[in-house]
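The opening position of the sequence shown corresponds to residue 1 in full-length UniProt numbering, with each subsequent residue numbered one higher. For glycine and all other residues, C-beta sits at the position ideal for the given N, C-alpha and C. Treat the numbers as computed from the prediction; the structure is a model and nothing was measured. Heads up, the thing below is written out as structure tokens.
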Amino acid sequence: MGKAIDLLSKEEFIELGEEIPLYDRDESCPFLYDHQKVALELMALAHLLWQASRQLAGKTTTGLLKDFEDCLENNHYTVALVAPTVPLAVEVLFKWLYTPIIYKGKSYTFFNIIKPYLVKKPNQNGFMLNNDSRLMIISLNQAGSMGRTINVIHITELDKLGSEQSKRIALAGVINSLRANKEAKVRIDCNMPTGIFRLLKAELYKYGRYFPIYDEDPFEGDEYTGKHTIINEDVLVRTEPTLDDILKIFSEILVSESFALGQFYNIDDVTDECFNPSKVEISYNTEYNREDYFVKTDAGIDPGGKVDAFGISIWSVTKNGIIVLRWAKRFYNALHTAKGQAKEIAEKLLLFNVESIQSESSAGAPWSLSLIMHYVNKLSNGKIRIPFEYVNFEGKGKMLAKDNFV
């Protein structure tokens, strides 16, 4: 967002209004016209998005902001918001439009910001701006049939496609659109990039490697620095790329799992296993109520000696006193070695930041717990010790559901 602010604040952009006669200018923004005010309002939200993007799904917000910017800056421009199904695309758009954000005591929605530029309210077909540019919602099956009419193909929720065959068909349609309009830009939001690269490779091999792709890089450099940036100046691939070059470009425009994780683990916003809730409370001007902020986490273990009796569950208490099951597993002794079982449990105890353990007081408990604690010590380089106590559950209430020990 810092890069976006720099770009929107360029002298050439501001100078657009200086030579035009005055007309209903806001006192606080004397040089901005209507088509520029929206940019300023988006800039005003930049800091807010920096703080609250975890709740707003940063990749969707960034992608749709760029879609709207393209529509605003170009007359008769078409952005296709593409998802596996139309209802899913509609849900993505409307969540973005109507998510309320409170900043310095004032409530914002993206819809209120872009409303002056809309011909009518957005609906299941998308929306149109008063410069005849539009964002249209289509399914992946339709993506290949739109041809030259599409200037930007924005694909979202691609990981929601179930089978590899359906992903292959969908991506083939996208590539058809690119072949029909070689100037089209592609944006892909996805949380599972690995399989998609493989499918892209298979499809691109069929169609050749000569079409240009625009690179919109959400990162400032080679490594994620914690800044939300998006390049506003398109970089065209002018030389004939190799297949590996094309895959590299696609990987750079894919706002993938690493981007999402980066938002959760910003250096200034993190304490222990989750981001600092106080930052969220400041951003929203409201108390943080999400279930994934846990104030205490404990584990229960039943290390019985029967064939499928070894079970563990990890529970947390939220800030508001809600008890949440974080993880549970029943181990079958025929399928797991004692060491492998203990190592997996130790990894989960560390992952969920377990503070203490209660174990059934059976004959095998001391040996099992000693082995688990050995791996906790080993995996944490001797820095973490988790206290445990023995409890006699007397066989009551152990089964919450078929596969979950309590």
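>> Tell me which residues share the same chain as Ile-345 and place their Cβ nearer than 7 Å to its Cβ, disregarding the 5 neighbours each side in the sequence.
In response: Taking C-beta separations shorter than 7 Å and ignoring five residues to either side along the sequence, the partners of Ile-345 in its chain run Ile-312, Ile-372, following chain order.
>> Assuming contact is defined by CB atoms lying nearer than 9 Å, are Gln-341 and Phe-388 in contact in what I supplied?
In response: For Gln-341 and Phe-388, no; Cβs fall outside 9 Å.
>> Just verifying my parser: in three-state terms, what is the DSSP assignment at Ser-370?
In response: Three-state result, Ser-370: helix.
> When you compare each of Tyr-77, Leu-72, Thr-60, Asp-67 to Glu-91 by their alpha carbons, which one comes out closest?
Replying inline: With distances taken between CA atoms, Glu-91 lies nearest to Thr-60 out of Tyr-77, Leu-72, Thr-60, Asp-67.
> Under the rule that 16 or more other beta-carbon atoms within 10 Å means buried, what is Gly-63, buried or exposed?
Replying inline: So Gly-63 counts as buried.
>> Buried or exposed for Asp-67, going by 16 or more other Cβ atoms inside 10 Å?
In response: Around the beta carbon of Asp-67, 16 or more other beta carbons lie within 10 angstroms, which makes this residue buried.
> Using the C-alpha atoms, what's the distance from Gly-105 back to Asn-130?
Replying inline: The straight-line gap separating the alpha-carbon atoms of Asn-130 and Gly-105 is approximately 31 Å.
> Is it true that the CB of Asp-70 sits closer than 9 Å to the CB of Lys-185?
Replying inline: One thing to note: Lys-185 has its Cβ within 9 Å of the Cβ of Asp-70.
>> Quick check on Lys-95: does DSSP put it in helix, strand or coil?
In response: Residue state, collapsed to three classes: helix.
> So what does DSSP say about Asp-302, is it helix, strand or coil?
Replying inline: Three-state result, Asp-302: strand.
> With distances taken from CA atoms, which of Thr-99, Met-128, Ile-153, Tyr-98 is nearest Leu-81?
Replying inline: If you compare the alpha carbons of Thr-99, Met-128, Ile-153, Tyr-98 with that of Leu-81, the shortest gap goes to Ile-153.
> Using DSSP with H/G/I as helix, E/B as strand and the rest coil, what is Val-86?
Replying inline: In this structure, Val-86 counts as helix in the three-state DSSP scheme.
> Candidates Ile-322, Asp-302, Phe-310: which alpha carbon is nearest Val-295's?
Replying inline: With respect to the C-alpha of Val-295, the residue from Ile-322, Asp-302, Phe-310 having the closest C-alpha is Ile-322.
> Closest to Leu-349 by CA distance: which of Ala-365, Glu-157, Leu-369 is it?
Replying inline: Nearest C-alpha to Leu-349: Leu-369.
> Of the choices Met-136, Arg-187, Thr-109, whose alpha-carbon is the least far from that of Tyr-77?
Replying inline: That would be Met-136, whose Cα lies nearest to the Cα of Tyr-77.
> Does the distance from the C-beta atom of Leu-379 to that of Lys-339 stay below 9 Å?
Replying inline: Taking the C-beta atoms as reference points, Lys-339 is found no nearer than 9 Å to Leu-379.
>> Helix, strand or coil, according to DSSP, for Phe-110 in the structure here?
In response: Looking at Phe-110 - three-state DSSP - the assignment turns out to be helix.
>> Within 10 Å of its beta-carbon, does Trp-367 have 16 or more other beta-carbons around it, so buried, or fewer, so exposed?
In response: By the 16-neighbour rule on beta-carbons within 10 angstroms, Trp-367 is exposed.
> Excluding five sequence neighbours on each side, which residues of the same chain lie with their C-beta closer than 7 Å to the C-beta of Val-74?
Replying inline: It should be pointed out that residue 74 corresponds to Asn in this sequence rather than to Val. Excluding positions up to five away in sequence, the list reads Ser-133.
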